[in-house]
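Colleague: The opening position of the sequence shown corresponds to residue 186 in my numbering, with each subsequent residue numbered one higher. Sharing a structure here in structure tokens format.
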Amino acid sequence: MFRKTRLFTPGPTPLLPAAQFAMAAADMHHRTPEFRALYSRVLQQLQTFIGTKNDVVAIAASGTGAMEAAVSNLTSPGDKVLVLTAGKFGERWACLAKAFHCSVESVTVPYGKTFSIEAIRERLTPDLRVVFMQATETSTGARHSVSKVAELLHGTDTLLVVDAITGLGTTNLDLDGDGIDVTIGGSQKALMVPPGMAYLAVSDRAWRRMESSRQPRYYFDLMKERKSAGKGESSYTPAVALVAALGAALDYIAAQANGDLAQGRRNLVANAELCAEVTRSAAQAIGLKLFAPSAPAAAVTAIQAPQGISSTDIVRRFKSQFGGILSDGQGEMKGQIFRIAHIGYLDFMDTIAIIAGLEQVLHELMPGSITLGDGLRAAQQTYQRVVAGRAAGEGR
Ligand SMILES: *Cc1c(COP(=O)(O)O)cnc(C)c1O
């Protein structure tokens with residue numbers, strides 16, 4: 186058997202070769218002019234990638250480290266906070282806020298669903314200090330409307346903190362226009378580099394809130410990090426190789442749009458949207474049910490396992506037969522759903538291969554109930570329609 190291993194997971198995502206080369210060459214000390222130039226440039230590029238004028242700080246941690254930093258820097262024990270939960274990552278916000286002794290309220294909807302704005306409005310009170318949410322709930326494949334929640338909070342003193350770890354690079358967000366206070370991203374998602382770095386864009390009023398926050402913190406001290414960043418440094422030893430990798434990835438995204446990083450990011454989003462739409466149409470043509478049909482994300486598509494089949498078997502077989510790594514459901518969704526990523530360095534060619542492999546795996550797991558090619562045909566037709574629609578849109 187000869188197989189090529191491929192990640193089709195929503196984090197870590199497949200690595201960009203140029204970023205891998207940059208990592209291998211990053212034999213650099215972090216208190217040197219060379220590193221300071223690199224770090225300053227990467228923080229500035231991250232600002233453009235996120236689409237914000239707010240200060241961006243980076244930390245050596247996985248995405249959850251940045252989520253924890255948002256809680257520990259913006260709240261005080263006893264603060265009333267509201268968490269919007271619809272999956273494993275929403276639940277993580279609630280656990281973090283409880284760990285820091287906040288008074289945690291939540292708006293909870295079933296896995297696969299998104300929130301009713303009315304239900305959130307009912308929970309807003311003048312003493313509410315922070316709302317925490319996801320742009321994309323990676324565990325269910327649902328997209329949440331950051332703009333609508335932001336609109337509800339206009340004119341209040343409530344901060345909005347958005348885990349956009351899989352929202353960035355898959356959704357056209359207008360963070361400054363919407364007035365998002367903190368936006369969080371991670372290296373191993375749309376930016377196509379290994380896990381280990383997270384970054385946060387922070388608004389002026391969120392910086393002001395930090396001055397009065399009384400939570401214990403040391404390593405994840407964002408004000409200290411901002412001060413260091415101003416000098417082109419990080420407070421402690423940074424993940425030097427990952428910083429170099431991020432620089433290469435951001436250059437690559439810009440090069441996809443003749444050097445215009447903001448346009449490159451929009452191209453990345455359009456790619457994810459295309460792959461997601463293609464995947465949804467193929468899944469339905471195969472006879473599969475989507476897990477979050479009412480508000481599907483572009484980062485990842487969650488698909489329900491067919492009756493009588495465990496998604497764990499689909500994922501296992503996909504790997505043993507084709508070397509492709511899909512994601513099973515997280516937590517109690519394990520065995521029930523499987524997830525296909527579209528975020529970062531995955532494109533239409535990858536998507537077509539995933540659909541073909543999936544048809545073959547299902548054909549063997551459910552003899553007689555799959556017609557090979559149904560999903561592929563739907564995928565190709567959707568591609569034609571989306572691309573033609575975009576060309577017509579551009580011509581107008
Ligand atoms: C990947 C991810 C995170 C971060 O998880 P880590 O394992 O800590 O990197 C947080 N939120 C969402 C929505 C994610 O997809």
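Every residue gets a Cβ at the ideal spot worked out from N, C-alpha and C, and that includes glycine. Here the structure is a predicted model, which means the values were calculated and not measured.
Starting from M534, trace the alpha helix (DSSP H) in both directions and tell me its first and last residue.
Modeller: Here the question's residue 534 lines up with position 349 in the sequence shown. Segment F533 to L550, the alpha helix (DSSP H) holding M534.
Colleague: Quick one: measure Cβ to Cβ for A483 and T356, integer angstroms, because I've assumed they're closer than 8 Å.
Modeller: Position 298 of the sequence shown, counted from the start, is the residue given in the question as residue 483. Position 171 of the sequence shown, counted from the start, is the residue given in the question as residue 356. Confirmed, Cβ separation roughly 6 Å.
Colleague: What beta strand (DSSP E) runs, 3 residues minimum, are completely inside the segment 339–376?
Modeller: For the segment 339–376, whole beta strand (DSSP E) runs of length 3 or above, ordered along the chain, are 344–348 and 367–371.
Colleague: Taking the continuous beta strand (DSSP E) assigned at D312, which residues delimit it?
Modeller: Working through the sequence shown from its first residue, we reach residue 312 at position 127. No beta strand (DSSP E) contains D312, which DSSP labels as neither H nor E.
Colleague: I'd like to confirm something about T323: is its beta-carbon nearer than 7 Å to some heavy atom of ligand 1, or not?
Modeller: Here the question's residue 323 lines up with position 138 in the sequence shown. Answer for T323: yes, Cβ within range of ligand 1.
Colleague: Using a Cβ-Cβ distance under 8 Å, would L446 count as near chain C?
Modeller: Reference to chain C is not applicable here, since this structure consists of a single protein chain.
Colleague: Got a sec? Which residues, its chain only, sit under 8 Å from E336 by beta carbon, not counting five neighbours each side?
Modeller: By 1-based counting over the sequence shown, the position of residue 336 is 151. If we look at E336 and ignore the five residues flanking it on each side, its Cβ neighbours are D363.
Colleague: Are the Cβ atoms of A461 and I235 separated by less than 8 Å?
Modeller: Here residue 461 refers to the residue found at position 276 of the sequence shown. Here residue 235 refers to the residue found at position 50 of the sequence shown. No, they are not a contact pair.
Colleague: If R411 sits next to D240, beta carbons under 8 Å apart, how far is it from one beta carbon to the other, in whole angstroms?
Modeller: Within the sequence shown, the letter at position 226 stands for residue 411. Within the sequence shown, the letter at position 55 stands for residue 240. Going by Cβ atoms, the distance from R411 to D240 rounds to 6 Å, so yes, they are a contact pair.
Colleague: Going by beta carbon distance, what residues of the same chain come within less than 7 Å of E307, once the five residues before and after it are set aside?
Modeller: As a first step, residue 307 is located in the sequence shown; it is residue number 122 there, counting from the start. No residues qualify anywhere along the chain.
Colleague: With V378 and A254 assumed to form a contact (beta carbons below 8 Å), what rounded beta-carbon distance in angstroms separates them?
Modeller: Within the sequence shown, the letter at position 193 stands for residue 378. Within the sequence shown, the letter at position 69 stands for residue 254. The pair is not a contact, with the Cβ atoms about 20 Å apart (cut-off 8 Å).
Colleague: Determine whether the beta carbon atoms of A349 and G381 lie at a separation below 8 Å.
Modeller: Position 164 of the sequence shown holds residue 349. Position 196 of the sequence shown holds residue 381. The answer is no: Cβ separation not under 8 Å.
Colleague: Would you tell me roughly how many angstroms separate the C-alpha atoms of A320 and P552, rounded to the nearest one?
Modeller: Here residue 320 is taken as the residue at index 135 of the sequence shown, counted from 1. Here residue 552 is taken as the residue at index 367 of the sequence shown, counted from 1. Going by the C-alpha atoms only, they are around 39 Å apart.
Colleague: Apply the 10 Å Cβ neighbour rule to D535 and answer buried if 16 or more other Cβ atoms are within range, or exposed otherwise.
Modeller: To locate residue 535, count along the sequence shown from 1; it is residue 350. By the neighbour-count rule (16 or more Cβ atoms within 10 Å), D535 is buried.
Colleague: Any chance the CB of G196 is under 7 Å from a heavy atom of ligand 1?
Modeller: Here the question's residue 196 lines up with position 11 in the sequence shown. Correct: G196 has its Cβ closer than 7 Å to ligand 1.
Colleague: Which residue or residues does DSSP assign as beta-bridge partners of I522?
Modeller: One-based indexing of the sequence shown puts residue 522 at position 337. Paired residue(s): Q489.
Colleague: Cβ of I365 versus every heavy atom of ligand 1: is any distance shorter than 7 Å?
Modeller: For this step, residue 365 is matched to residue 180 along the sequence shown. No, the beta carbon of I365 sits no closer than 7 Å to any heavy atom of ligand 1.
Colleague: Assign I522 to buried or exposed, taking buried as 16 or more other Cβ atoms, counted over all protein chains shown, within 10 Å of its Cβ.
Modeller: Translated into the one-based positions of the sequence shown, residue 522 becomes position 337. Answer is buried; the Cβ neighbour count reaches 16.
Colleague: Quick check: the Cα distance between S479 and I488, rounded to an integer number of angstroms?
Modeller: For the purposes of this step, residue 479 is identified with residue 294 of the sequence shown, where counting begins at 1. For the purposes of this step, residue 488 is identified with residue 303 of the sequence shown, where counting begins at 1. In a straight line, the C-alpha of S479 is about 13 Å away from that of I488.
Colleague: Between Q515 and ligand 1, is the CB less than 7 Å from at least one heavy atom?
Modeller: On the sequence shown, residue 515 is found 330 positions in, with the first residue counted as 1. Q515 Cβ: outside cutoff for every heavy atom of ligand 1.
Colleague: Would you please state the rounded distance, in angstroms, between the beta carbons of L338 and V367? I believe it to be under 8 Å.
Modeller: The count along the sequence shown starts at 1 and reaches residue 338 at position 153. The count along the sequence shown starts at 1 and reaches residue 367 at position 182. The Cβ separation is near 13 Å, so there is no contact.
Colleague: In three-state terms, what does DSSP make of M382?
Modeller: Numbered from 1 along the sequence shown, position 197 holds the residue referred to as residue 382. In this structure, M382 counts as strand in the three-state DSSP scheme.
Colleague: Helix, strand or coil, according to DSSP, for I528 in the structure here?
Modeller: Your numbering for residue 528 matches position 343 in the sequence shown. Correct three-state label for I528: coil.
Colleague: Would you mind reading off the limits of the alpha helix (DSSP H) that contains L200?
Modeller: On the sequence shown, residue 200 is found 15 positions in, with the first residue counted as 1. Run containing L200: none; DSSP gives neither H nor E here.
Colleague: Between Y224 and A414, what straight-line distance do the alpha-carbon atoms span, to the nearest angstrom?
Modeller: Taking the sequence shown and counting its residues from 1, the one referred to as residue 224 is at position 39. Taking the sequence shown and counting its residues from 1, the one referred to as residue 414 is at position 229. Cα to Cα, the separation comes out at about 8 Å.
Colleague: When DSSP labels each residue in this structure, what does T464 get in the three-state scheme?
Modeller: On the sequence shown, residue 464 is found 279 positions in, with the first residue counted as 1. Of the three classes helix, strand and coil, the one that applies to T464 here is helix, per DSSP.
Colleague: Distance check for V266 and P311, CA to CA, integer angstroms please.
Modeller: Position 126 of the sequence shown, counted from the start, is the residue given in the question as residue 311. Position 81 of the sequence shown, counted from the start, is the residue given in the question as residue 266. Those two C-alpha atoms are separated by around 11 Å.
Colleague: Which residue marks the beginning of the alpha helix (DSSP H) containing V428, and which one marks its end?
Modeller: As a first step, residue 428 is located in the sequence shown; it is residue number 243 there, counting from the start. V425 to A440 is the span of the alpha helix (DSSP H), which, as asked, contains V428.
Colleague: What ranges does the beta strand (DSSP E) occupy inside the segment 233–311, keeping only unbroken runs of at least 3 residues that lie completely in it?
Modeller: Taking only runs of at least 3 residues, the beta strand (DSSP E) segments lying wholly in the segment 233–311 are 240–245, 265–270 and 288–293.
Colleague: Could you tell me whether the segment 271–280 touches the segment 437–457, using the rule of 3 or more Cβ pairs below 8 Å?
Modeller: No, because fewer than three Cβ pairs between the segment 271–280 and the segment 437–457 fall closer than 8 Å, the two stretches do not touch.
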